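Here the protein sequences line up with chains R and V, keeping their order. Just so you know, we're using the numbering used here here: the first sequence kicks off at 1 and counts up by one. Just so you know, we're using the numbering used here here: the second sequence kicks off at 1 and counts up by one. For reference, the structure is listed below as structure tokens.
Protein chains: 2
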Amino acid sequence: MPSVITSTATLPPKSARAGSAKTSPVRDLLALTERPDVISFAGGLPAPELFDLDGIRDAYAAALSTPAVLQYSTSEGNARLREIVAAQYTAEGLPTAAEDLLVTTGSQQGLGLFATTLLDPGDVVLVEEPCYLAALQTFALAGSRVIGIPSSDGALDLDALDAAAAAHAPKFFYTVPTFQNPTGRTHDLESRERIAASAMRYGYRIVEDEPYRQLRYSGDALPSLAHFAPDHVLSLGTFSKVIAPGLRIGWVRTTPDIRPAVTIAKQAADLHTSTIDQAAAAEYLASGRAASALSRIRAEYAARRDAMLSALPSALPDGSTWNTPDGGMFVWARLADGWNATTALGEALAHDVAFVPGAPFYAGAPDERTLRLSFTTYAPERILVGMSRLGAAFQTDR
Amino acid sequence: MPSVITSTATLPPKSARAGSAKTSPVRDLLALTERPDVISFAGGLPAPELFDLDGIRDAYAAALSTPAVLQYSTSEGNARLREIVAAQYTAEGLPTAAEDLLVTTGSQQGLGLFATTLLDPGDVVLVEEPCYLAALQTFALAGSRVIGIPSSDGALDLDALDAAAAAHAPKFFYTVPTFQNPTGRTHDLESRERIAASAMRYGYRIVEDEPYRQLRYSGDALPSLAHFAPDHVLSLGTFSKVIAPGLRIGWVRTTPDIRPAVTIAKQAADLHTSTIDQAAAAEYLASGRAASALSRIRAEYAARRDAMLSALPSALPDGSTWNTPDGGMFVWARLADGWNATTALGEALAHDVAFVPGAPFYAGAPDERTLRLSFTTYAPERILVGMSRLGAAFQTDR
């Protein structure tokens, strides 16, 4: 036996990848948005009063009529639930079988499963600039090198995508094609065709994240990228925006070549998603109540979007710009020359209103004039009060 | 724009770490155990008829009385649930605050969070030989180098632990100290003190996985390793064995130095565990019904263990050995000289009975004579029928 060392040795350090996942510098500021008197357009929260609490409670009671829902289940997930999701894809023009799908604990987990399956430290991932924040965190924890693809005039720079693909041999391009977080931007049909063609030409995969797809308030539905490049596209979906986020039920749609590896990654991640939540989600979707709840949610969110858009001209400084999303939860704005969104947030909080500065969403150099406004949390009248406060904040700060 | 390449480029390969997670060679054999006529001692499944279905259904109904349970929640988890778990630790002699705990989607996820927080590719992890299979999978996916610490006479070889720690500077030692999976073995008080002292001396952490702690049928409770080395020990717990596994609710008990990194890893893993399942678990525990259900489960599992132990002498070949666990779900046996457990499984399946060969549980060279028998799934009479079939199989194979 080795000789006794009396002093305690130092604890080993954390992993390098844990150190590379940064906490956001605006997190402290955003903690202030939780004051009850603040009208916060910062969070990406669905409206709880629109949840179908009664329908969901009935679905849980039905699911909990058999002890089988209390037992361990398969990593792939509830067969009935996967058949319902597969039928939705097929009805929307993308033929899908239950075997193509694996149920995840929210679509955030799906992102992690693809990272585990595809990324080794140092591998390159292409992202849209700006990009969904938690995706950047996942790719950082995988030790990957993230390269942002810029936009011009609100559309992805497709030549920059081709050039980055040629230069860096990426493992995949991560995109939220419809009503993106944070920008609300949707890739049009031609962009989708060209992104898919680029993946096929340069031999990289596409991870298509579609949390907002079913929250469309205007315009026509667009095909999945998988329609144009079926072997190259992996998709992520979720019920967080159409049933409720508290269930934490999402799914991945995989290509056959990586399916066994994704299943092993899922086993290692949490064995399987809650048997009870999965069975309740299947009950709820089969009951027909989900479809009517979604119609109600869409109509109400459309009114909220319109209320915010109507108030923006008087709320933001002259010379600011913003987009008009056809769906989702977010409006993306760019303040007039000379403004800084992080500085402006301080003044906004003094007026009991909040938004998220755009800077943390950038993988590379941020545009400090940008900000994200969520329009789903409050009824239209309350949105107008908040926008009026925002106008007052920008007046004060001038 | 680059010139068009007409042929489709090859898809990029999977990650090296995904390739290193092996599927088990006995998996095909075990698929046969799902035939309804097979009495399977192979799975580690709790007995569904002992679940408190009514109590759990009532808890979900109570939790689903407010829309707040349908909303996103914090990554740390339900405050009430964490307070209940903290009070349990404190009552058992290990002072614990709610802030020390983070709720996970089963304790399997906790293992992944510690891997993300602590392991870079190439880092060394020490494990008990044999070891819980899904832990080996998690460490393989983290790209770590796993070194098994052998046992002698059913107890961990503590000199080998010290020697491996001195030679390899491990990040942590992973242990299931109480009623281990697969062996049912429990580290006694002296072993616990020495394992803790080794971690302090050589400066590595201990990840203590305690899924079976509350399933004790004989003997006295033993202190957590954290009692002896509070700065070095990270613990994993779960309700899978005491409420039901379908909820997928576990927790990690962390030291303050890694808590922010674990929280970020949890955000990246799945944002948070199901708000509904967490609230229902807290309701159920607070109702007092969990304690009486656990008493019933313990009494019944003790009877099942005793039934299996009583039948083992006539079931296994002469010269075989096995242990007498004080709790948990498993008996570990070693067949007499000349036998091979994987070969024997084929004959057992021909007699409609199954077990798991021990070989897949080894990180290094396996002991091909070992096997694991789970005693929790069936009532005592059915266990005796299965053991009688096992005896017939070994007679045939002789």
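Note that CB positions come from ideal geometry on N, CA and C, so glycine has one too. Quick caveat, the model's predicted, so the values are computed rather than measured.
- For the set V:F239, V:A140, V:I206 and V:A226, the Cα lying nearest the Cα of V:I56 is the one of V:F239.
- Between V:Y217 and the set V:L236, V:S224 and V:T186, the nearest pair of CA atoms involves V:T186.
- Only residues of its own chain outside the window of five on either side were considered, and among them E368 have a CB closer than 6 Å to the CB of R:N340, listed in chain order.
- Close CB contacts of V:D157 within its chain, under the 8 Å cut and outside five residues either way in sequence, are with I149, P150 and S151 (chain order).
- Under the Cβ criterion (8 Å, minimum of three pairs), the segment 77-96 of chain V does not count as touching the segment 90-105 of chain R.
- R:L141 reaches chain V at T116, A265 and A268, counting residues in chain order whose Cβ is nearer than 7 Å.
- In the displayed model, V:A354 falls within a strand according to three-state DSSP.
- Residue state for V:A197 is assigned as helix, using DSSP reduced to three classes.
- DSSP places R:R372 inside the beta strand (DSSP E), whose first and last residues are T370 to S374.
- Residue-level contact check: V:A363 does not touch chain R, since none of the beta carbons of chain R fall below 8 Å from its beta carbon.
- The segment 132-149 of chain R makes no contact with the segment 228-239 of chain R, as fewer than three CB pairs between them are under 8 Å.
- In this structure, V:R334 sits near V:S320, with a CB-CB distance shorter than 8 Å.
- DSSP places R:I206 within a strand segment (E or B) once states are collapsed to three.
- With a threshold of 16 other beta carbon atoms within 10 Å, R:G288 falls short and is exposed.
- For the alpha helix (DSSP H) assignment, the uninterrupted runs of no fewer than 4 residues enclosed by the segment 265-334 of chain R are, from N- to C-terminal side, 275-286 and 289-315.
- Nearest CB-CB separation between V:H187 and chain R: not below the 8 Å threshold.
- Chain-ordered, the chain R residues with CB closer than 7 Å to the CB of V:T105 read T105 and D270.
- The Cβ atoms of R:T376 and R:R296 lie no closer than 8 Å to each other.
- Under DSSP, R:L236 forms a beta bridge with R:D209 and R:V252.
- By the Cβ rule, the segment 355-375 of chain R counts as touching the segment 323-333 of chain R, because three or more pairs are nearer than 8 Å.
- For V:Y89, the enclosing alpha helix (DSSP H) begins and ends at A79 to A91.
- Taking each of V:V38, V:A269, V:T342 and V:G338 in turn and checking the Cα distance to V:G358, the smallest one comes out for V:T342.
- Spanning the alpha carbons of R:D188 and R:P182 requires a straight line of approximately 17 Å.
- Taking all protein chains shown into account, R:S191 has 16 or more neighbouring C-beta atoms within 10 Å of its C-beta and is therefore buried.
- In chain order, L64 and L70 make up the part of chain R whose C-beta sits under 7 Å from the C-beta of V:I56.
- Put simply, of V:L294, V:P366 and V:A393 the residue whose alpha carbon is nearest the alpha carbon of V:E49 is V:L294.
- In the DSSP assignment, R:Y217 falls outside any beta strand (DSSP E), carrying neither H nor E.
- Check the Cα spacing between V:D123 and each of V:T138, V:E34, V:G93 and V:H168: the tightest is with V:H168.
- Each residue's CA atom was taken as its position, placing V:T90 and V:T96 some 5 Å apart.
- In this structure, DSSP gives V:G122 a state outside helix and strand, which the three-state scheme calls coil.
- Taking 7 Å as the Cβ-Cβ cut-off, the segment 154-188 of chain V approaches chain R at D159, D162, A166 and K171, given in chain order.
- Per DSSP, V:T104 is not a residue of any alpha helix (DSSP H); the beta strand (DSSP E) it occupies stretches across L101 to T104.
- Cβ atoms of V:L236 and V:L111 come within 8 Å of each other, at about 7 Å.
- Ranked by Cα distance from R:A307, the options R:G386, R:G364 and R:G346 are led by R:G386.
- Here the alpha carbon of V:A336 sits roughly 38 Å from the alpha carbon of V:Q109.
- Under DSSP, no beta-bridge partner is assigned to R:Y60.
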